[in-house]
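Residue numbers (the working numbering): 1314 to 1674. Built from N, CA and C at the ideal position, the CB exists for glycine as well. These figures come from a predicted structure and were not determined experimentally.
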């Protein structure tokens, strides 16, 4: 290729890559490459030119200087594994326009805009989901304030609430309803990140967690659904820490009770990855540095499998929410049977709720 990386690169696959690549192909041409082609271009360059990423002290987050040198024969393989670790999930078209995302950093978005199997549309401005809200800037607090919320449902454990309290935005009511076991299942899973084949093990643990929402813990969600399906509590927001697991289930159940198609529900669940991918990459890099320091090894020698396992916990995976769908089918038959039998939301209660939140076609 004859390309030289002069300034450095951030191994996070976004458009910032373009502005850090220069060489014989000319910087004026590279910005016209599509993101996916650019990722492949950079990866091929790294491997073919035996190029090494080295962290420069004082440069924030994921920024690294690139230097070319003679490396061990297996370095290209390690580099490839590391770079692929930072790639996003398979490209896919988001189910809705960005209008339903209000604050990506908080995973704040709404359920409004989705269509039901009957052709109705969920009204906007009534049902929201997000992660924790303890680190918002004044400008970000204004975004929440402008939602004019009536109710916030906090799904977290008590220790999470104390560590990251939810601010008061206006006159909304904040209901704390923990849906978690006293122990932290995901923290226990993270402790296994050092084991061989850790990513597969942790994904398996996560799948079990999503299955047990239905088989063991569905009773914890009864008061949550009572609040959500009471129109007097709208506009309403529900959240946990990252806004992906506990929140993801509540969102999926709510959408299914409103007769939103399965694939749309899946896509809404996976939308978390689009919003939290960069944060996950940054945390992986921090973990990489921490693991290297704890073990007294080079960052290059940190097992990518451990990092992949940690990233598994930070993002969503289709297998996880699919486990919930399967558990519903196996144990109740349909989502509406789950609603009636386990969550005690009657057909009449649902119809009243629909009359407030659905727009006829």
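Check this for me: beta carbons of residue i and residue j, under 7 Å apart or not?
i, j, result
"residue 1533", "residue 1492", "yes"
"residue 1615", "residue 1604", "yes"
"residue 1419", "residue 1444", "yes"
"residue 1559", "residue 1468", "yes"
"residue 1294", "residue 1637", "Because the chain here runs from 1314 to 1674, residue 1294 falls outside it and cannot be looked at."
"residue 1568", "residue 1578", "yes"
"residue 1512", "residue 1625", "yes"
"residue 1544", "residue 1666", "yes"
"residue 1547", "residue 1463", "yes"
"residue 1633", "residue 1519", "yes"
"residue 1488", "residue 1466", "yes"
"residue 1456", "residue 1416", "yes"
"residue 1526", "residue 1562", "yes"
"residue 1600", "residue 1623", "yes"
"residue 1537", "residue 1490", "yes"
"residue 1655", "residue 1528", "no"
Is residue i buried or exposed, if buried means 16 or more other CB atoms sit within 10 Å of its CB?
i, result
"residue 1659", "exposed"
"residue 1594", "buried"
"residue 1364", "Summary for residue 1364: the model assigns pLDDT 41, below 50, so the residue's position carries little reliability; its value from the coordinates is reported in the next sentence. It is buried - the Cβ of residue 1364 has at least 16 other Cβ atoms within 10 Å."
"residue 1442", "buried"
"residue 1471", "exposed"
"residue 1485", "buried"
"residue 1673", "exposed"
"residue 1608", "exposed"
"residue 1459", "exposed"
"residue 1432", "exposed"
"residue 1664", "exposed"
"residue 1564", "buried"
"residue 1531", "buried"
"residue 1647", "exposed"
"residue 1581", "buried"
"residue 1652", "buried"
"residue 1661", "exposed"
"residue 1447", "exposed"
"residue 1669", "exposed"
"residue 1552", "buried"
"residue 1450", "exposed"
"residue 1657", "exposed"
"residue 1606", "exposed"
"residue 1555", "buried"
"residue 1566", "buried"
Checking the sheet assignment: what are the DSSP bridge partners for residue i?
i, result
"residue 1441", "1423 and 1550"
"residue 1487", "1465"
"residue 1428", "1434"
Compute the beta-carbon to beta-carbon distance between residue i and residue j, rounded to the nearest angstrom, for a pair I have assumed lies under 8 Å.
i, j, result
"residue 1573", "residue 1434", "That pair is no contact at about 10 Å."
"residue 1557", "residue 1585", "4 Å"
"residue 1612", "residue 1602", "6 Å"
"residue 1423", "residue 1440", "6 Å"
"residue 1631", "residue 1583", "7 Å"
"residue 1671", "residue 1461", "Rounded, the Cβ-Cβ distance is 20 Å, inconsistent with contact."
"residue 1618", "residue 1494", "Rounded, the Cβ-Cβ distance is 27 Å, inconsistent with contact."
Just curious, the alpha helix (DSSP H) that residue i is in, first and last residue?
i, result
"residue 1467", "Note, residue 1467: premise wrong, no alpha helix (DSSP H); beta strand (DSSP E) at 1464-1467."
"residue 1661", "1660-1670"
"residue 1416", "Looking at the DSSP string, residue 1416 is not in any alpha helix (DSSP H); the run it does join, the beta strand (DSSP E), is 1414-1416."
"residue 1537", "1535-1541"
"residue 1518", "1511-1528"
"residue 1638", "1631-1644"
"residue 1628", "From DSSP, residue 1628 is part of no alpha helix (DSSP H); its letter is neither H nor E."
"residue 1579", "1575-1608"
"residue 1652", "1648-1654"
"residue 1472", "1471-1476"
"residue 1562", "1559-1570"
"residue 1674", "Note, residue 1674: premise wrong, no alpha helix (DSSP H); not H, not E."
"residue 1456", "1451-1458"
Is residue i close to chain B, meaning its C-beta is less than 7 Å from at least one C-beta of that chain?
i, result
"residue 1524", "This model lacks chain B altogether, as it is built from one protein chain only."
So does residue i have its beta carbon nearer than 6 Å to some heavy atom of the ligand FMN?
i, result
"residue 1586", "As for the ligand FMN, it is missing from this structure, which has no ligand bound."
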